[in-house]
């Protein structure tokens with residue numbers, strides 16, 4: 001399971017080994033003529049801002065890599081599809097801040113930590129790290145990771161656009177359960193499980209975990225003194241919220257456990273089966289915790305009659321308000337899902353949702369319009385049309401992220417980039433954490 005690679009000291013990347021078989025990945029810092037000279041001689045970040053990763057264009061060369069298009073943009077990083085002369089199609093994950101001071105340094109350090117974490121993992125359902133570089137300056141440029149490109153839709157898109165059945169959903173989550181059991185056995189916790197961080201691989205239909213930017217492992221350094229790491233607030237476990245709302249003890253930090261990841265996975269399973277989120281979105285931690293503590297969750301089979309009742313108990317156990325009531329490990333969850341699949345009849349092959357009406361166009365959001373609100377974007381991915389079977393059953397419950405109408409972001413990317421670089425550095429909500 002582990003790679004046996006020493007993660008190296010916190011302030012270096014000495015633990016990396018670029019594959020010797022791919023000489024092109026060992027070449028760093030080669031700039032196209034149109035870009036040479038834009039950065040300052042001393043490599044200062046003020047000069048490098050003019051060459052921010054979000055300015056990269058299709059067909060642009062980064063040494064032996066050629067940019068094809070931008071795939072996704074997040075609060076801390078951006079993903080590009082690129083082509084390598086020997087590796088074929090790869091994915092590049094850029095840190096959106098360089099190794100300067102204050103908040104920007106934490107973004108860079110977090111990307112280093114993600115790379116070290118991936119070096120610990122060698123699993124067919126975890127994205128593979130191929131190497132790393134800096135751009136455009138080889139010493140002080142923006143760090144980016146070179147990873148295997150996993151072709152396929154995110155789990156959120158798969159669930160809302162494909163004809164997912166209860167059987168396929170159970171199979172996908174059984175694979176995810178085994179994957180979590182493996183990474184937890186290696187001492188790794190993901191800490192940001194959600195539908196957009198799981199890709200359903202097109203070649204074999206297997207789920208692949210991606211984006212370990214919030215992940216942790218025993219050798220990872222602490223980047224800040226904040227009590228909670230970055231992540232998607234609505235997917236936090238109740239116990240982490242209780243810790244956040246509890247007495248402030250100097251030096252006290254929340255210890256994430258496998259049951260935190262399993263709770264998040266339960267939320268995603270609930271979304272896949274019902275098309276709804278069990279709690280309101282965009283709540284401050286105190287209100288979110290109060291909503292969780294007071295809620296009496298409706299059975300998934302009530303929200304969507306096409307859900308087999310045996311899955312009700314699995315979902316409710318994953319979403320237990322206390323860690324001790326959940327499955328203690330991914331292996332236990334796998335056993336429960338496998339037992340359910342063994343008893344499955346033909347009704348498990350009926351699509352969970354009817355086909356989307358022809359007038360309901362399915363389009364992906366333009367990454368150039370991303371306004372920095374990752375949680376809002378996650379919410380929009382699960383939105384369904386209002387007249388699917390079971391919607392009337394759910395109408396009596398509180399408005400959820402899946403049913404709450406959310407306007408798409410309209411801020412141009414240039415405005416957002418300017419705000420990121422000059423105005424809103426480090427302005428994330430404090431309760432979301434920074435480590």
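Residue numbers (UniProt numbering): 1 to 435.
For every residue, glycine included, the Cβ atom is placed at its ideal position computed from N, Cα and C.
Open item on the list: Short of 6 Å in beta carbon distance, which residues of its chain neighbour residue 114, apart from the five on each side in sequence? Order them along the chain.
Closed with: Sequence index remark: in the chain shown, residue 114 carries index 114 (1-based). Excluding positions up to five away in sequence, the list reads 212, 213.
TODO: Work out the CA separation of residue 184 and residue 251 for me, nearest whole Å.
DONE: Counting from one through the chain shown, the residue named residue 251 turns up at place 251. Counting from one through the chain shown, the residue named residue 184 turns up at place 184. Distance between the alpha carbons of residue 251 and residue 184 is about 25 Å.
- [ ] Can you give me the start and stop residues for the beta strand (DSSP E) that residue 70 sits inside?
- [x] Taking the first residue of the chain shown as 1, we reach residue 70 at position 70. Segment 65-73, the beta strand (DSSP E) holding residue 70.
Task: Endpoints, beta strand (DSSP E) assigned at residue 80 - done: Along the chain shown, read from residue 1 onward, the residue named residue 80 stands at position 80. 77-84 is the span of the beta strand (DSSP E), which, as asked, contains residue 80.
Open item on the list: Using DSSP's beta-bridge definition, name the partner residues of residue 89.
Closed with: Position 89 of the chain shown, counting from 1, holds the residue named residue 89. Looking at the DSSP assignment, residue 89 forms a beta bridge with 83.
TODO: Tell me whether residue 306 sits in a helix, a strand or coil according to DSSP, three-state version.
DONE: In the chain shown, residue 306 corresponds to position 306, counting from 1. Coil.
TODO: Just grab the DSSP bridge partners of residue 199 for me.
DONE: Within the chain shown, the letter at position 199 stands for residue 199. Paired residues: 154, 208.
Open item on the list: Only counting the same chain, and skipping five residues up and downstream in sequence, which positions put a Cβ closer than 7 Å to that of residue 448?
Closed with: This structure does not reach residue 448, given that the chain is present from 1 up to 435, and the question cannot be answered.
Open item on the list: To the nearest angstrom, how far is the alpha carbon of residue 95 from that of residue 61?
Closed with: Counted from its first residue, the chain shown places residue 95 at position 95. Counted from its first residue, the chain shown places residue 61 at position 61. Residue 95 and residue 61: Cα-Cα distance of roughly 18 Å.
Open item on the list: Quick check on residue 271: buried or exposed, where buried means 16 or more other Cβ atoms within 10 Å of its Cβ?
Closed with: Working through the chain shown from its first residue, we reach residue 271 at position 271. Per the 10 Å Cβ criterion, buried.
Task: Reference residue 154; option with closest CA among 173, 122, 208, 242 - done: Start at 1 with the first residue of the chain shown, and residue 154 comes out as number 154. Closest by alpha carbon: 208.
- [ ] Quick one: grab the DSSP three-state call for residue 407.
- [x] Residue mapping note: residue 407 aligns to position 407 of the chain shown, counting from 1. In this predicted model, residue 407 has a pLDDT of only 37, less than 50, meaning its place in the structure is not dependable; the value taken from the coordinates is given anyway. Residue 407: coil per DSSP, three-state reduction.
- [ ] Using three-state DSSP, classify residue 119 as helix, strand or coil.
- [x] Numbered from its first residue, the chain shown carries residue 119 at position 119. DSSP places residue 119 in helix when its eight states are reduced to three.
Open item on the list: Can you check whether the C-beta of residue 52 is within less than 8 Å of a C-beta belonging to chain B?
Closed with: Reference to chain B is not applicable here, since this structure consists of a single protein chain.
Task: Residue span of the alpha helix (DSSP H) that contains residue 437, given as start and end - done: This structure gives no information on residue 437, because the portion of the chain shown stretches from 1 to 435.
Task: Exposed unless 16 or more other CB atoms sit within 10 angstroms - verdict on residue 276 - done: Stepping through the chain shown from its first residue, residue 276 is reached at position 276. Buried, since its Cβ has 16 or more Cβ neighbours within 10 Å.
Open item on the list: Taking a contact to mean a Cβ-Cβ separation below 8 Å, would you say residue 85 touches residue 64 in this structure?
Closed with: If you number the chain shown from 1, residue 85 lands on position 85. If you number the chain shown from 1, residue 64 lands on position 64. Closer than 8 Å, so yes.
- [ ] Let me know the secondary structure DSSP gives residue 168 once reduced to three states.
- [x] Within the chain shown, the letter at position 168 stands for residue 168. Of the three classes helix, strand and coil, the one that applies to residue 168 here is helix, per DSSP.
Open item on the list: Measuring straight from C-alpha to C-alpha, what distance separates residue 350 and residue 171?
Closed with: In the chain shown, the residue the question calls residue 350 occupies position 350. In the chain shown, the residue the question calls residue 171 occupies position 171. In a straight line, the C-alpha of residue 350 is about 15 Å away from that of residue 171.
- [ ] Inspect the CB distances between the region 138-153 and the region 194-208 and report whether three or more fall short of 8 Å.
- [x] yes
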